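Have a look at the structure below before the remarks.
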Amino acid sequence: MKDLPAALRPREKLLALGPAALADAELLALLLRTGLKGTGVLEWAGELLKRFGGLSGLLGTDVAALREVKGLGPAKRAELQAVLELARRAVRAELAVRPVFDSPDKVREFLRLHLSARQSEVFAVMFLDSGHRLLSYEPMFQGSIAQTTVYPREVVKRALALNAAAAILAHNHPSGLAEPSRADELLTRRLSDALALVDVRVLDHLVVGGAQVVSLAERGLM
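Note that UniProt numbering gives residue 90 to position 90 of the sequence shown, counting from 1, and the numbers run on in steps of one.
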């Protein structure tokens with residue numbers, strides 16, 4: 001980094017032009033601070049982004065995967081995990097005060113941060129109030145990579161306990177392919193019918209596959 005002209009160093013560039021002027025690799029280099037033997041920090045940052053499929057993929061990965069990265073010690077892993085948690089909390093706070101329909105991109109980013117790096121299939125529910133603001137995000141069921149067993153009764157119980165008026169369903173495809181399956185469509189109908197009995201409306205079912213998030217509602221599948 002010291003070999004670069006001052007104007008091109010990430011820290012100086014950020015201070016002069018603001019964080020939006022920095023590329024993803026430059027922002028990550030600021031967190032990493034130092035590179036590896038024979039590899040500068042900017043080059044290493046680029047390699048990490050490529051390995052994990054971009055910034056969202058890196059920040060969404062789990063601790064076990066980060067431990068496998070040569071040169072990424074406990075301190076740097078902790079910093080990356082802290083950044084991820086800050087991102088989750090920031091998006092969650094916004095969804096708690098704004099209707100989800102006002103920020104569909106935030107919903108997608110929130111779910112991507114929570115689910116994209118999971119190695120097994122997780123089924124989660126975003127419970128919403130009558131203004132469609134977030135009451136609670138709850139990973140409710142976890143299964144093998146192939147399938148997850150979801151119990152509508154448990155989802156209904158949580159909806160009643162939270163006094164929810166609406167819900168957004170979500171699950172990940174660890175394969176990285178976000179295409180909804182026929183089983184996903186059938187599950188959406190089962191849960192929609194069960195929650196309708198207690199006046200809770202299912203607004204959408206989102207499938208997370210790596211960096212991609214697909215909406216069943218947008219596809220006309222519910």
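All C-beta atoms in this analysis are idealised placements derived from N, C-alpha and C, irrespective of residue type, glycine included.
Since the model is a prediction, treat every value here as computed from it, not as a measurement.
Element boundaries [beta strand (DSSP E), containing Q212]: Unbroken beta strand (DSSP E) run through Q212: 212–215.
Inter-residue Cα distance where the pair is L177 and A167: Rounded to the nearest angstrom, the gap between the Cα atoms of L177 and A167 is 24 Å.
Start-to-end residues for the beta strand (DSSP E) that takes in D204: Per DSSP, D204 belongs to the beta strand (DSSP E) from 201–209.
Spatial distance of R11 from P19 (CA atoms): Going by the C-alpha atoms only, they are around 9 Å apart.
V200 versus A124: straight-line alpha-carbon distance, rounded: Each residue's Cα considered, the two are about 16 Å apart.
Rounded straight-line distance, which links the Cα of V91 to that of S192: Between S192 and V91, the C-alpha separation is close to 26 Å.
Cβ pair R158, S136 closer than 9 Å: Closer than 9 Å, so yes.
P180, DSSP secondary structure in three states: Coil at P180, not helix or strand.
Selected residue, minimal CA-CA separation from D129, among R98, L59, Q142: Between D129 and the set R98, L59, Q142, the nearest pair of CA atoms involves R98.
Boundaries of the alpha helix (DSSP H) in which A90 is found, first to last residue: Membership of A90 in the alpha helix (DSSP H) is indicated by the continuous run 74–97.
Exposure label - residue 231; buried when at least 16 CB within 10 Å: For the chain, the structure presents residues 1 to 222; residue 231 sits outside this window and is missing.
Environment of A117 [buried if 16+ CB atoms lie within 10 Å]: So A117 ends up on the buried side.
L32 to R189 span [Cα, whole Å]: If you draw a straight line from the Cα of L32 to the Cα of R189, it is about 46 Å long.
Three-state class that DSSP yields for V125 in the structure shown: Here V125 sits in strand by DSSP.
Burial state of D204, where buried means 16 or more other Cβ atoms lie within 10 Å: The residue is buried, with at least 16 neighbouring Cβ atoms inside 10 Å.
Residues bridged to T39 [DSSP beta-bridge criterion]: Residue pairing by DSSP places T39 opposite L36 in a beta bridge.
Cβ neighbours of R131 in the same chain (closer than 7 Å, five flanking residues each side left out): As written in the sequence, residue 131 is Gly, which differs from the Arg given in the question. Exclusion of the five residues before and after G131 leaves P99 as the residues of its chain whose Cβ lies within less than 7 Å of its Cβ.
L197 - DSSP class collapsed to helix/strand/coil: Three-state DSSP puts L197 in coil, outside helix and strand.
Integer Cβ distance of A170 from L111, believed to fall under 8 Å: About 5 Å; that satisfies the 8 Å criterion.
Cα-Cα separation between V155 and V107, rounded to whole angstroms: Their Cα atoms are separated by approximately 20 Å.
Where the beta strand (DSSP E) through L221 begins and ends: Taken as a continuous stretch (DSSP letters only), L221 belongs to no beta strand (DSSP E), as it is neither H nor E.
Closest Cα partner of E121 within the set E79, E185, N172: For the residues E79, E185, N172, the minimum Cα distance to E121 belongs to N172.
Closest by C-alpha distance to A25, when choosing among G35, E43, K37, T34: Looking at G35, E43, K37, T34, the one whose alpha-carbon comes closest to that of A25 is E43.
Three-state secondary structure assigned by DSSP to E138: Reduced to three states, the DSSP call for E138 is strand.
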